[in-house]
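Numbering (the working numbering), first residue to last: 157 to 301. Have a look at the structure below, then the notes.
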Amino acid sequence: GGGGWDWFSVQLDTGWDMTISLVRGLDGSLSAEYGTIVDPAGVAHHLAAEDIDVRVVETWTSPRSGAVYPAGWQIDLPTHDWSILLTPSLADQELQTQATTGVTYWEGEVVVKGVVAGKPALGLGYVELTGYAPNTVTATPAVIP
157 GGGGWDWFSV
167 QLDTGWDMTI
177 SLVRGLDGSL
187 SAEYGTIVDP
197 AGVAHHLAAE
207 DIDVRVVETW
217 TSPRSGAVYP
227 AGWQIDLPTH
237 DWSILLTPSL
247 ADQELQTQAT
257 TGVTYWEGEV
267 VVKGVVAGKP
277 ALGLGYVELT
287 GYAPNTVTAT
297 PAVIP
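So, in structure tokens, the structure goes:
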């Protein structure tokens, strides 16, 4: 697909939080990758692209838009001893907002499990995926007086 982003937000039972953004250019290539983890004491640790490894482990195809979305991710942060798996709570969390924004995207809850800072961790997260469905902008309807 064209430009867009994959945004991940995770809250874990160990007290850690994480957010990661992957930004794609119009040609579909990764143009930026960054994030932050916050430890249980509230200290933020910023992540550069070289600290982040995100792999898609599953996909889901929307029966409405035909878009193929990532639907499961393995996220490793080797320098911080993180290895977590994100699984959508429900595959179909696609939002079709053509009438208001002109786009279709996937946004929803994920269940998280893995190892964080060397300890088992469970949690919940939220993921937003844009740029996977074809752009569906339509002309603005004429206003009738």
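Quick reminder that beta carbons are idealized off the backbone N, C-alpha and C, glycines included.
Check	Outcome
Going residue by residue through the segment 179 to 228, where are the continuous beta strand (DSSP E) segments of at least 3 residues, counting only ones entirely within it?	186 to 194, 200 to 203, 209 to 212, 215 to 217 and 224 to 226
Using the Cα positions of V283 and I240, report the straight-line distance between them to the nearest angstrom.	14 angstroms
May I have the straight-line CA-CA distance separating H202 from W163, to the nearest angstrom?	15 angstroms
Tell me, please, whether the segment 265 to 277 touches the segment 165 to 183 by the rule of three or more beta-carbon pairs shorter than 8 angstroms.	yes
Please name the residue, chosen from G181, T286, S165 and T217, that lies closest to T253 on a Cα-to-Cα basis.	T286
Starting from W238 and walking both ways along the beta strand (DSSP E), at which residues does that stretch end?	W238 to P244
On the DSSP bridge assignment, give the partners of P276 in chain order.	V271
Between which residues of its own chain and E250 is the CB-CB distance below 6 angstroms, once the five residues before and five after are set aside?	S218 and W262
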